[in-house]
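Asker: Quick mapping for you: the protein sequence lines, in order, are chains B and Z. For the first sequence, position 372 (counting from the first letter as 1) is numbered 372 according to the working numbering, and the numbering increases by one without interruption. In the working numbering, each residue's number is its place in the second sequence (first place is 1) plus 645. This is the structure, below, for whatever I ask next.
Number of protein chains: 2
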Amino acid sequence: MATSDSPKDPVAEQIRTVLDGRWAEVRQGLRADPDFPVAVPGLELGLDEYRARTLASCHELAGSDFVLGAVPPEQGGTGDLGGSVTGLEMLGHGDLSVMIKAGVQFGLFGGAISNLGTARHHEAYLQDALQLDLPGAYAMTETGHGSDVQSLLTTATHDPDTDELVIHSPSPAARKDYIGGAARDARMAAVFAQLVVGGESHGVHCVLVPIRDEQGRAMPGVTITDCGPKMGLRGVDNGRLMFDGVRVPRQNLLNRYGDIDDDGTYTSPIESRNRRFFTMLGTLVRGRITVGAGAGAAARSALTVAVRYGLRRTQFSYPDGEHEVVILDYLGHQRTLLPRLARSYALALAQNALIARMHDLTVGESTGEDAHRELEARAAGLKAVTTWHATDTIQACREACGGAGYMSANRFADLKADTDVFTTFEGDNTILLQLVAKGMLTNYQADFADLDTSGAILFGARQLTTSVIEHTIGGSLIQRLISGASGRDGDDALRDRGGQVAFFADRESHLTESLAMRLRRAGDDESKSFSVFNDAQDHLLEAARAHMDRVVLEAFVTAVEEAPQGPGRDLLAKVCDLHVLSTVEEHRAWYLEHGRLSASQAKGVIARVNELCQELRPHADTLVDAFGIPDEWLTTEMMADLASF
Amino acid sequence: MATSDSPKDPVAEQIRTVLDGRWAEVRQGLRADPDFPVAVPGLELGLDEYRARTLASCHELAGSDFVLGAVPPEQGGTGDLGGSVTGLEMLGHGDLSVMIKAGVQFGLFGGAISNLGTARHHEAYLQDALQLDLPGAYAMTETGHGSDVQSLLTTATHDPDTDELVIHSPSPAARKDYIGGAARDARMAAVFAQLVVGGESHGVHCVLVPIRDEQGRAMPGVTITDCGPKMGLRGVDNGRLMFDGVRVPRQNLLNRYGDIDDDGTYTSPIESRNRRFFTMLGTLVRGRITVGAGAGAAARSALTVAVRYGLRRTQFSYPDGEHEVVILDYLGHQRTLLPRLARSYALALAQNALIARMHDLTVGESTGEDAHRELEARAAGLKAVTTWHATDTIQACREACGGAGYMSANRFADLKADTDVFTTFEGDNTILLQLVAKGMLTNYQADFADLDTSGAILFGARQLTTSVIEHTIGGSLIQRLISGASGRDGDDALRDRGGQVAFFADRESHLTESLAMRLRRAGDDESKSFSVFNDAQDHLLEAARAHMDRVVLEAFVTAVEEAPQGPGRDLLAKVCDLHVLSTVEEHRAWYLEHGRLSASQAKGVIARVNELCQELRPHADTLVDAFGIPDEWLTTEMMADLASF
């Protein structure tokens, strides 16, 4: 194991450099920073104590480089958005309550002010939010509506007599629910509500609403309750908010995309109500990116612990009766951990590419609405696949450590409980994959922003005849690899990198085109549009997964190709092979059904996964060292026990 | 929803009768028993308080009918073993800490005394154990050895001078670990240790060792530590035990299968050391059966909550814009919940058949060692597949309830955390599946009991040419169905029940025969035996899973066939179809690779699963009502919220 003092494994270092990517300096700085609040709390901390501790950790982060990175220089930040999200990702190796609470305060609350507000909000609130002098909440979800944000019930009604907005929760279903910060700390909430001006509703907008006074008492008309105990993230004070005709000045409307002028008229730079809504939501993409990043980090923490345990723990003897078998020498154990390790590599590199893309699109010149839609779809898809991967991987790692894995002192209890909600918050994963499918069918054309998801999908299906795969990551490099591939048939295709990518892309194209054909066949009968869409939902989700498989693989391949020659790159290439082969193995029924693999080729894929597991086994330690998680961040009781034997 | 007051759904009642099975009376009695300690504790109970509460609940159970059922009449019990395990299964719908602590006290500690001890132990301790006047622990697992019980390091050495046994932990790896009851309550432990008599080791035996005095202080030489916080099962006081030359009278040896006579000589009715070991362990099969039963119960609780939520919760509107869609109307949501619901039916019925078999074998005349080995293998396999099913299903149900599913008040937090360890305790699932494979290759012949698992598997492989599928559940009925099946080819085969069973059995036979062939091909070179076994481990595990799929299906089919004609049976038959088709869908790559399904037939299976989901959707409420879990046992905050909208 690499510790700061032990001699470094040069291969691990080479690979770590690749994984660290563009914001390597941020990562290295945080690894070496003794004040980075990454330590996990003592066991069985009381709820109040845990919440206080989490808030204190967020105060340590307040105003730091990576918090200021979230905001452009003209608003008082550094504009290093990529560094900012990378910093939050690093927090994901520690106490996830801190990561989430920091994400809510600086990313969501601060982000809403920064992205949806204008100068008056930036000047009044932004520094206070980033310095945590103004603890905030992001009040979007309601008890009755989570995924369907457009149907939120809370209203913000303009009263022309007083020039105020009246915030109101008309029913129990309108209660703001699961709101981080609401139960204990937040003094102001960014409240999403239907904006009603002159008796007319203009759809969901965001309004800053004070919810507590300086003494922490609820403001008049605001009812605050505590969500109480949750499965995990115990340090985050989730609560509920009900508003009973709460009045705030009109100026509290975050008015970048929709405003009320002095004579009480609603105006917006975006005419279409739907497009306005999606544009507002789109600015908040970094929340999803952060959740995906944190999930990936948590999965890498779990794998590091489980692989190191598997390399030390023995059980049952060799037939010679003299030596016990190291459990990672069992093929079954390798199959549990190593394909998930390979996939963690793929997802980490895809995450890096996504962060870079977000950074460039935000910081640089705007490259048009299509590019933003593509980013949003990719962020949605990567969040979905990474959070599911994390849930699955942490579970597998827990089981791989047996009874020891169940003890809280060995980290999996918190990793599992804290990350569990990632699959459904910041967008339910299934809904997010539908968003991906929408993008695939419409090629991110903004023209479809006026349709809801199912409408856009059906409309897109009518237009699409041949899907065009855009190699969004490493475009020309990927194109060159595909062109240079030796064969296109089963084993051959999988033997070289270009063939592997083409194999994934072919699955994506076929699933997309057949989906479009299937949806088109149903005709234009509007009354059937729900059943047409619904009957194909499994196909649609499969197409979205296939798309993400291809996008993720391209990120992995690009990183391997761009890495400097050497043993690090060679090992990385083998990890990429395992990722490819185990993904194909998982979907081999599809490849068989569609004549892409013969029966014997499919069996060959299984055999090749076994071989690759056994070939990578001697490098397992190097591969988790390369994640670059400092030992001090991952101390466990079970490793100390093994050392005492 | 069925409440005790609401009019019953007759179809749900018909199906419940089938699910309740042979011990329906026990189930009905406990459902109506207001003192049955099934209530879950208030949220955020402190650890000490929770442990005290759990002990108190066990006191309520002490001496009750189903506790006394675990012990035969000649030992002072009622001998209703089936009723006893069924009662523990019902506890599985409530607080799982109570189920596990009760299982440890009455099933494991009491069971060790009953099954491994003789009259002197029965008279001295058994009633006290069953009445909880003597809180006990079952000290098998050590920090260094869990699955490999034969390699335990703790020693029990006979001292002829004092005629005592000296219990000793020679190293940190010998520490007894994760021992339920050890941290707080247990006064005596059933300690598994290498028995050394006259300087010779006779393998693992069990000795009763007092660990605390009446005042709760650790006995001299016994060091007790607390395992501290765990992922779940917070009410169970798991602890660690170290023994430093602790002396107990020779009579404390549980001596049914191995004894030390008055002149200090070791004797045993079983000559072979290996067979003796497996016979001793075999008597403890009910622990595994109970864990599988509890896992199944927990999965049914989770499905009941998630299905009812899915039938009330709406999200997104139909294209008419007026109505919101009930989320269980989405195909994706149906696919998440309904195949798992069908599988829960299959596993519940297989569990009933297993409990009945155990009961008959224990209570009736012994029907030979083979029958016991078959029971052990089936118990091992069903525990593995049911606990994995529970982990997967509870997770899916949590996600199906979104953010609400994450709140502790909605039950999934505890269900998930409490059941998590089931996949690795009472036998790691992977090891258990290897045990199943061993039985498949050796046909449970006792001759192989002298070989360890890998040895037996290799030996069995050398003998096996054609595997013989024994239809252990509903034998002649199943045989008749298979003979009467119309076709054997893809779709046709899956259209009638006999064909479905044959389709599963064919997969099992082929996997078993090809495994045997593969292992044989490697020859007799002993030095290669580990690598031969290890290289085929994935194949071996797959064969074991296929075996369990067939065994579980036969239980389901038998229950359907034996049910009285009527709408309940018709609906049950459709659930069975979904179980069959979704299982085939999951393994369709194998069926394609082995020419059992054509590509178009495989696609047909996917389409048929979708159809069955949609056909069963209107009956979802009936199907969870039929689980017969009283509403009062499953109260959740989120259902109350939905009712308030």
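Where a beta carbon is used, it is the ideal one built from N, C-alpha and C, also for glycine.
Cβ closer than 7 Å: which chain B residues qualify as neighbours of proline 964/Z?
Answerer: Here the neighbours are Glu526, Ser529, Phe530.
Asker: In whole angstroms, what separates the C-alpha of aspartate 80/B from that of alanine 1029/Z?
Answerer: Each residue's Cα considered, the two are about 50 Å apart.
Asker: Would you give the residue range spanned by the alpha helix (DSSP H) that glutamine 839/Z belongs to?
Answerer: First-last for glutamine 839/Z: 833-842, but that is the beta strand (DSSP E), not the alpha helix (DSSP H).
Asker: When Cβ atoms are compared, which residues of the stretch 299-315 of chain B fall closer than 7 Å to chain Z?
Answerer: Taking 7 Å as the Cβ-Cβ cut-off against chain Z, the residues of the stretch 299-315 of chain B that qualify are Gln315.
Asker: Within the stretch 12-40 of chain B, note down every full alpha helix (DSSP H) run reaching 4 residues or more, in order along the chain.
Answerer: Runs found: 24-32.
Asker: Which word fits valine 1081/Z, buried or exposed, when buried means at least 16 other C-beta atoms lie within 10 angstroms of its C-beta?
Answerer: Under this definition valine 1081/Z is a buried residue.
Asker: For aspartate 420/B and glycine 1050/Z, I'd like the C-alpha separation in whole angstroms.
Answerer: Distance between the alpha carbons of aspartate 420/B and glycine 1050/Z: 10 Å.
Asker: So for proline 1209/Z, helix, strand or coil by DSSP?
Answerer: DSSP places proline 1209/Z in coil when its eight states are reduced to three.
Asker: With a Cβ-Cβ cutoff of 8 Å, do phenylalanine 1290/Z and alanine 173/B count as a contact?
Answerer: In this structure, alanine 173/B lies closer than 8 Å to phenylalanine 1290/Z by Cβ.
Asker: Could you tell me whether any Cβ in chain B is nearer than 8 Å to the Cβ of tyrosine 783/Z?
Answerer: Taking Cβ atoms only, chain B never reaches closer than 8 Å to tyrosine 783/Z, which makes this a no.
Asker: Check whether the stretch 714-724 of chain Z touches the stretch 848-865 of chain Z, counting contact only when three or more Cβ pairs, one atom from each stretch, lie closer than 8 Å.
Answerer: Counting Cβ pairs under 8 Å, fewer than three are found: no touch.
Asker: Alpha carbons only, please: which of Met833/Z, Thr786/Z, Val893/Z, His1004/Z is nearest the one belonging to alanine 754/Z?
Answerer: The question names alanine, yet the displayed sequence has phenylalanine at residue 754/Z. For phenylalanine 754/Z, the nearest C-alpha among the options comes from Met833/Z.
Asker: Name the two residues that bound the continuous alpha helix (DSSP H) containing phenylalanine 277/B.
Answerer: Looking at the DSSP string, the run of the alpha helix (DSSP H) that includes phenylalanine 277/B is 273-282.
Asker: With H, G and I counted as helix, E and B as strand and the rest as coil, what does DSSP make of leucine 464/B?
Answerer: Three-state result, leucine 464/B: coil.
Asker: Specify the secondary structure class of valine 936/Z as computed by DSSP and reduced to three states.
Answerer: Reduced to three states, the DSSP call for valine 936/Z is helix.
Asker: Checking 8 Å against the spacing of the C-beta atoms, do valine 730/Z and arginine 931/Z come in under that value?
Answerer: Yes; because the gap between Cβ atoms is below 8 Å, this pair is in contact.
Asker: Against chain A, does methionine 1052/Z count as a neighbour if the rule is that its beta carbon must be under 8 Å from one of theirs?
Answerer: Protein chains B and Z are contained in the structure displayed, whereas chain A is not.
Asker: So, leucine 798/Z versus serine 816/Z, is the Cβ gap smaller than 8 Å?
Answerer: Closer than 8 Å, so yes.
Asker: Please name the residues in the stretch 216-249 of chain B whose beta-carbon is closer than 7 Å to at least one beta-carbon of chain Z, in chain order.
Answerer: Result list: Cys227, Gly228, Pro229, Lys230, Met231.
Asker: Between the beta-carbon of glycine 748/Z and the beta-carbon of threonine 935/Z, is there less than 8 Å?
Answerer: Yes; because the gap between Cβ atoms is below 8 Å, this pair is in contact.
Asker: Under three-state DSSP, which class holds alanine 647/Z?
Answerer: Its pLDDT being 41, under 50, alanine 647/Z is placed unreliably in this model, and the coordinates cannot settle the point.
Asker: What residues in the stretch 1028-1046 of chain Z bring their beta carbon closer than 8 Å to a beta carbon of chain B?
Answerer: From the stretch 1028-1046 of chain Z, only Thr1036, Gln1040, Arg1043, Glu1044 have a Cβ closer than 8 Å to chain B.
Asker: Is it buried or exposed for methionine 638/B, if we count other Cβ within 10 angstroms and need 16 for buried?
Answerer: That one is buried.
Asker: Let me know the beta strand (DSSP E) ranges lying completely inside the stretch 782-855 of chain Z, each 3 residues or longer, listed in chain order.
Answerer: Listed in chain order, the complete beta strand (DSSP E) runs (minimum 3 residues) inside the stretch 782-855 of chain Z are 800-804, 809-813, 821-825, 833-842, 845-855.
Asker: Please classify threonine 442/B as buried or exposed, where buried requires at least 16 other C-beta atoms within 10 Å of its C-beta.
Answerer: Under this definition threonine 442/B is a buried residue.
Asker: According to DSSP, what are the bridge partners of aspartate 773/Z?
Answerer: None, per the DSSP bridge assignment.
Asker: I want to verify the contact list: residues of chain Z whose CB lies under 8 Å from the CB of valine 421/B, in sequence order.
Answerer: By Cβ distance, chain Z contributes Gly1048, Tyr1051.
Asker: Give me the chain B residues within the contact set of arginine 1002/Z, using Cβ-Cβ distance strictly less than 7 Å, ordered along the chain.
Answerer: What arginine 1002/Z touches in chain B: nothing, since even the nearest Cβ is about 28 Å away.
Asker: Using a cut-off of 8 Å between C-beta atoms, extract the partners of arginine 828/Z located in chain B.
Answerer: According to the sequence as given, residue 828/Z is alanine; it is not arginine. Result: empty, since nearest Cβ-Cβ is about 12 Å, beyond 8 Å.
Asker: By the DSSP assignment, the alpha helix (DSSP H) with glycine 727/Z in it spans what residues?
Answerer: Run containing glycine 727/Z: 726-736, per the alpha helix (DSSP H) assignment.
Asker: Less than 8 Å between CB atoms is the rule here; does isoleucine 745/Z satisfy it with respect to chain B?
Answerer: Judged by the 8 Å Cβ criterion, isoleucine 745/Z is not in contact with chain B.
Asker: How about alanine 589/B and alanine 1234/Z: are their beta carbons less than 8 Å apart?
Answerer: The answer is yes: Cβ separation under 8 Å.
Asker: Need the endpoints of the alpha helix (DSSP H) that proline 984/Z sits in, please.
Answerer: Its alpha helix (DSSP H) spans residues 976-1008.
Asker: Pick out whichever of Asp128/B, Lys574/B, Ser147/B, Gln463/B has its Cα sitting closest to the Cα of histidine 619/B.
Answerer: Of the listed residues, the one whose Cα sits closest to histidine 619/B is Lys574/B.
Asker: Per the DSSP calculation, glutamate 969/Z is bridged to which residue(s)?
Answerer: Looking at the DSSP assignment, glutamate 969/Z forms a beta bridge with Ser962/Z.
Asker: At the 8 Å Cβ level, is asparagine 252/B part of the contact set with chain Z, yes or no?
Answerer: Answer no: the Cβ-Cβ gap between asparagine 252/B and chain Z never drops below 8 Å.
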